[in-house]
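Report on one structure; see the data block that follows.
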Amino acid sequence: MKERKAIESWLTDMDGVLVHEGEPVPGAPEFVNRMKESGKPFLILTNNSIYTPRDLQARLYRMGFDVDETSIWTAALATAQFLADQRPGGTAYVIGEAGLTTAMHAAGYVLTEFEPDYVVLGETRTYSFEAITKAIRLISAGSRFICTNPDATGPSNEGLLPAAGSVAAMISKATGVKPYFVGKPNPMMMRSALNAIGAHSETTAMIGDRMDTDVLCGLEAGLETILVLTGISSRMESETYPYRPSRIINSVADLIDEI
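In the numbering used here, the protein residues as written are 236 to 494.
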């Protein structure tokens, strides 16, 4: 195999890599601090579109991470940027929370229920039957269907919760229209993150805890991929996939000396 170039930029997933069940992964704050001190570009990625980068910055700070909000890249930001590139100054009917609506406004979009260019589905704690019905009718009338991420479920302290992918499947069943998913595992998420920090795929690594999103996404975007065993995918599970990460490590603590 062709030897990869030295890593000059880092992309890392958040849940399962830096934090797990509301607590920092041991060594993760030190890893983030080392990235900051190195001066190398880095971004913390999440498919969750509920929170703004500022919300996530505050959440991470409470757990011992000192990062700027500009170092956080969400599926909501990637979705808003994608739509701004596709149809500048467009209109959208949005199902989601502040993370998504704030990003859409910042991208120059008008949020409306009247013949929108797009229906944009994101994560929310309270999916409304009325809002889903509105989305189905708008898509059936010709609005294009976009979803921030394909995750079928999300975690909570009480157990699994239905996530955007499950609601998207219900809307698709009702309309016969499949959404375009922007978040992981779409490599669009990786490329938008690379563009945000001016990084190149040949010299960037993606750290994640899931084979089916983080590793697949990084692989298809041409990045070095590092699977950590502090989240979803196990070493044994990784062997069941037809693709492999560049390497598997116990946690991001094992990378501190490489930064």
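Glycine included, every Cβ here is placed at the ideal spot set by N, Cα and C.
On the CB-based measure, 16 or more other CB atoms within 10 Å of its CB, does residue i come out buried or exposed?
| i | result |
| --- | --- |
| G257 | exposed |
| L295 | buried |
| P288 | buried |
| V345 | exposed |
| A241 | exposed |
| N421 | buried |
| L395 | exposed |
| T383 | buried |
| S363 | exposed |
| P261 | exposed |
| T347 | exposed |
| P477 | exposed |
| T523 | Within the shown structure, residues of the chain are numbered from 236 to 494, placing residue 523 beyond reach of any answer. |
| T361 | exposed |
Excluding five sequence neighbours on each side, which residues of the same chain lie with their C-beta closer than 6 angstroms to the C-beta of residue i?
| i | result |
| --- | --- |
| I285 | E332, G334, E358 |
| F221 | One cannot answer for residue 221 here, as it falls past the ends of the chain, which runs 236 to 494. |
| T281 | M249, T309 |
| K419 | N282, T448, C452 |
| W324 | The question names Trp, but residue 324 is Gly in the sequence shown. Result list for G324: G343, in chain order. |
| F300 | P264, V267 |
| S407 | K413 |
So residue i packs on residue j, CB below 8 angstroms; how close in whole Å?
| i | j | result |
| --- | --- | --- |
| L253 | V487 | 7 angstroms |
| A398 | M425 | At roughly 20 angstroms, the Cβ-Cβ gap does not stay under 8 angstroms, so A398 and M425 are not in contact. |
| M270 | I494 | 6 angstroms |
| I491 | F266 | 5 angstroms |
Measure the Cβ-Cβ separation of residue i and residue j and say whether it is below 8 angstroms.
| i | j | result |
| --- | --- | --- |
| G400 | A409 | no |
| D220 | T326 | Only positions 236 to 494 of the chain appear in the structure, and residue 220 is not among them; the question remains open. |
| A315 | A341 | yes |
| T439 | L458 | yes |
| I496 | P276 | What the structure shows of the chain is the stretch from 236 to 494, and residue 496 is not part of that stretch, so it cannot be assessed. |
| D489 | G466 | no |
| A311 | A338 | yes |
| I442 | T305 | no |
| L499 | P480 | Examination of residue 499 is not possible in this model, given that the chain is present from 236 through 494 alone. |
| I330 | A370 | yes |
| A434 | S244 | yes |
| A313 | S427 | yes |
| L356 | A403 | yes |
Can you name, in chain order, every residue of its own chain whose Cβ lies under 8 angstroms from the Cβ of residue i, other than the five neighbours on each side?
| i | result |
| --- | --- |
| A376 | E350 |
Below 7 angstroms CB to CB, which residues in the same chain sit around residue i once its five sequence neighbours on both sides are set aside?
| i | result |
| --- | --- |
| E472 | M446 |
| H255 | T465, G466 |
| T336 | V329, L346 |
| R239 | E459 |
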